[in-house]
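First up is the structure itself, then whatever we jot down about it.
Number of protein chains: 4
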Amino acid sequence: MPTKKKPQVTPTPERRRELLATAAEVFAAQGYNATTVRRIADEAGMLAGSLYYHFDSKESMVDEILSTFLDELWQGYDEVLAAGLGPRETVEALVTESFREIDRHRPAVAIYQKESQHLATQPRFAYLADSQTRFEKAWLGTLERGVADGVFRDDLDIRLTYRFVRDTVWVAASWYRPGGQHSPEEIARQYLSMVLDGIAPRT
Amino acid sequence: MPTKKKPQVTPTPERRRELLATAAEVFAAQGYNATTVRRIADEAGMLAGSLYYHFDSKESMVDEILSTFLDELWQGYDEVLAAGLGPRETVEALVTESFREIDRHRPAVAIYQKESQHLATQPRFAYLADSQTRFEKAWLGTLERGVADGVFRDDLDIRLTYRFVRDTVWVAASWYRPGGQHSPEEIARQYLSMVLDGIAPRT
Amino acid sequence: MPTKKKPQVTPTPERRRELLATAAEVFAAQGYNATTVRRIADEAGMLAGSLYYHFDSKESMVDEILSTFLDELWQGYDEVLAAGLGPRETVEALVTESFREIDRHRPAVAIYQKESQHLATQPRFAYLADSQTRFEKAWLGTLERGVADGVFRDDLDIRLTYRFVRDTVWVAASWYRPGGQHSPEEIARQYLSMVLDGIAPRT
Amino acid sequence: MPTKKKPQVTPTPERRRELLATAAEVFAAQGYNATTVRRIADEAGMLAGSLYYHFDSKESMVDEILSTFLDELWQGYDEVLAAGLGPRETVEALVTESFREIDRHRPAVAIYQKESQHLATQPRFAYLADSQTRFEKAWLGTLERGVADGVFRDDLDIRLTYRFVRDTVWVAASWYRPGGQHSPEEIARQYLSMVLDGIAPRT
DNA sequence: CATGAATGAGATTTCATTCAT
DNA sequence: TATGAATGAAATCTCATTCAT
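Chains as they are written, first to last, in the UniProt record's numbering: chain R, 1 to 203; chain P, 1 to 203; chain Z, 1 to 203; chain H, 1 to 203.
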């Protein structure tokens, strides 16, 4: 993450997005609390105080990063959930969608992973807990339908399964680098294969 | 995590362990950077300054928490790795051992998850990176052996598999609560079942 | 004090006066230090930076507000003092003149009340202290003449009386609202009646 | 207001009071907004940050200064109002009490004068407006009783009279210096004499 | 004339740490 | 061992001011 030195300035709503992208990158790399606004400003090629022309506070930066990400995530998820797919296809679509989001919002996802528990205690970030709840509902419902339909095993604790699948997917954000050798779809395919069929060979 | 008010003082090495347990709990809940030493002191029923009789610094607290945990972890792992088991049995034993460690050191594991990447940049915490390397070697080796032996699938990217298994196990620390309805062995059993055989029923 | 949104621009000396009036209003309401130039700009329907086309600095705004007010005040006072009236008539004329100034320059008077002591420490605002001195001279002189002539009581500490009359009149700026039910002349009449004859009925 | 250099430290609740006294002095002299916490700390012989061991914020300092003052003020006022005095005696007692408060809490009174309007807009300082209301009720009631009883003139606007008396008394805080040549009781006596009988001699 | 973006100085606040008692 | 009070460094934030467009 070398310091960028681009004195050529881009127009206005663009600039905001650029700055948020920079901030997200640093937050993801160092952790929210360990990141100073000065560091973000350095990275953006301006002085710390100048950031406050664009944002109210450091907090409002994470806020915007996380809520933008969640808005997009739910747009994708809602489409999948509304498509009337079977449980297995729903799981496949959700996982694929998740890896696409990781691909597009990797820093945001990483921040979400590391900081959401901690941030959610503040009223301002209540939407994080809300999202968590919705998430759980969507996944648990799908898994239950799948067990009923016989496309998922019925000998597993369903909440354990939920956590297994959820964590399995999202922690990928901690190591995923966009532009790597695998596309998000390819990673999703392999993950799904492991999650659905296991790493032991089917006889 | 209610505030303890015990003016009766326990002998010194005991006290130290108590304080570290308290600190670990708070670090895990709030994150290392977001935790003030005052908060730890509050929780321990003393004033911030008093902690410095017991510890050199806040850093030395995490240090001791993490290194104690890793020492124990590797004791367990090394035993497994030295036992001359087959790859599948090794995986089973490592996962089971991991859930036992989560059971005994949940806060430490949670801290490790959240902070190790960030802390590892400091020389003092070089052992975190070392451990990471050893860890990777142990798991990758086992998986490769397993593929060679035909007990693990050969159509998967092996690094992806490694990350999948590693993350899958350790993130459990973020939701695991000791004394819950499942013992660590039971959770390990179910996780292994999912990881090895998948969540789709074997025909 | 509603936000004005007039993009139609008035010629330049007019505009200047408008902006000063706006600034004075805000300074009076919030206090000089607590007023940000952004707030003034908001109120004037422009951006903070744009004010600097019209004025050198925030300081120069108060400066102009206060000196304009004091110039007018002394014009009125000097006329009264030069008129060769008796001490009682002088007091009546000065008080009436004062309430007229409050009527026309209420925000300026309020600012003067609240900030002059503090501002007077800066060389730029030396004229505030000068005015204070002239003011004191005029009033004390008039009161002394009145005592000598027997039209004011001689059993009172004359400096106390001075402060009493001075404060009594000027603090009115803190509650006076132009266009209220009493004209400045009517308020002056009642104030004079209280100051000269007291609030207890004359037997 | 010279910098005090007393390294000898006084015990604990005492220290708090000392610091508040120092802060009040500076706030009164410079205005709340124009006062930096560094300035207060300098005056107290410590570093700016050290003040935060004793107080949450600069705001909480004024808060404590003002509320302490108002509590004491109302203790005195309530005693007077409960004493069942006639209207004229009540006025005399209230004015005397007021000058005593000015004597004991001069900086607090000065701060109250200058900043209360501005501070009262914040929820935290709602009690300032409450006090204002109570104050008005007490004075207006007394004045009305007096008019009805014939001990005060009936040809004056009563609200004007109220403001006249109120301001007249409290602005004294801006020039009063404890330990001056007049005791608070003596000042109260002269003020009352002016307010009740006017500055023109009774024939 | 006004905007949008930034600067730079300084203000408040936080917090790990120290130390005399 | 613990307390109470402070230090000192750094972090967040504020704001008057500048300037190219």
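Every residue gets a Cβ at the ideal spot worked out from N, C-alpha and C, and that includes glycine. Since we're looking at a predicted model, the values are computed, not measured.
Query, Result
"Residue nearest to H:L156 in terms of C-alpha spacing, selected from Z:A148, Z:W175, Z:I199 and Z:D149", "Z:I199"
"Buried versus exposed call for H:S131 [16 or more other C-beta atoms within 10 Å across all chains shown]", "buried"
"Extent of the continuous alpha helix (DSSP H) run through H:I199", "Note, H:I199: premise wrong, no alpha helix (DSSP H); not H, not E."
"Local conformation of Z:R177 per DSSP, three classes", "coil"
"Option in Z:E101, Z:K137, Z:A126 and Z:A48 with minimal Cα separation from Z:P178", "Z:E101"
"Own chain, CB closer than 7 Å to R:T133, minus 5 neighbours either side, in chain order", "none"
"CB contact check: P:E185 to chain R, cutoff 9 Å", "no"
"Range covered by the alpha helix (DSSP H) that runs through R:L160", "I158 to W170"
"Member of Z:Q113, Z:E92, Z:E144 and Z:Y127 whose CA lies at the smallest distance from the CA of Z:D197", "Z:E92"
"CA-to-CA distance, R:S60 to P:R16, given in whole angstroms", "39 Å"
"Test: Z:A29 CB closer than 9 Å to a CB of chain H", "yes"
"Alpha helix (DSSP H) segment containing H:P123, residue limits", "Neither: H:P123 is in no alpha helix (DSSP H) and is coded neither H nor E."
"9 Å Cβ cutoff, P:T133 in contact with chain R", "no"
"Residue-chain proximity (R:T3, chain P), Cβ-Cβ < 9 Å", "Residue placement at R:T3 is poorly supported in this model, since its pLDDT is 39, which falls under 50; the coordinates still yield a value, given next. Judged by the 9 Å Cβ criterion, R:T3 is not in contact with chain P."
"Neighbourhood of H:A48 by C-beta distance below 7 Å, restricted to the same chain and skipping five residues each side", "V37, R38 and A41"
"Closer than 9 Å to chain R by CB, P:E79", "no"
"Nearest residue (CA-CA) to P:I158, options P:S174, P:A173 and P:E136", "P:E136"
"P:E115 and P:F27 closer than 9 Å at C-beta", "yes"
"Three-state class that DSSP yields for R:K6 in the structure shown", "Caution applies to R:K6, whose pLDDT of 39 falls short of 50 and renders its modelled position unreliable; the model cannot decide the point."
"Rounded straight-line distance, which links the Cα of Z:V62 to that of Z:Q75", "20 Å"
"Neighbour list for Z:A200 in chain H, Cβ cutoff strictly below 8 Å", "R88, V151, F152, R153, L196 and D197"
"Selection of the segment 97 to 123 of chain Z by Cβ proximity to chain H, strictly under 7 Å", "K114 and H118"
"Length of the line joining the Cα atoms of P:E43 and P:T22", "7 Å"
"Collapsed DSSP secondary structure at H:H182 in the structure displayed", "coil"
"Helix, strand or coil at H:V151 [DSSP, three-state]", "coil"
"Option in Z:Q30, Z:L51 and Z:T161 with minimal Cα separation from Z:L20", "Z:L51"
"Simplified DSSP state of H:A34, which is helix, strand or coil", "coil"
"Per-residue contacts from P:V171 into chain R (C-beta, under 7 Å)", "D167 and V171"
"Simplified DSSP state of H:G84, which is helix, strand or coil", "coil"
"Residue-chain proximity (Z:Y191, chain H), Cβ-Cβ < 9 Å", "yes"
"Closest by C-alpha distance to H:T203, when choosing among Z:R166, Z:Y191 and Z:V151", "Z:V151"
"Straight-line Cα distance separating H:T121 from H:E185", "34 Å"
"Distance between Z:E18 and Z:P7 (C-alpha atoms, nearest Å)", "Note that Z:P7 has pLDDT 44, beneath the 50 cutoff, so the model's placement of it is unreliable and the number below is only indicative. Cα to Cα, the separation comes out at about 14 Å."
"Chain P residues whose Cβ lies nearer than 9 Å to that of R:L156", "Q190, S193, M194 and I199"
"Contact check, P:V95 vs P:A188, beta carbons under 9 Å", "yes"
"For P:G45, three-class secondary structure by DSSP", "coil"
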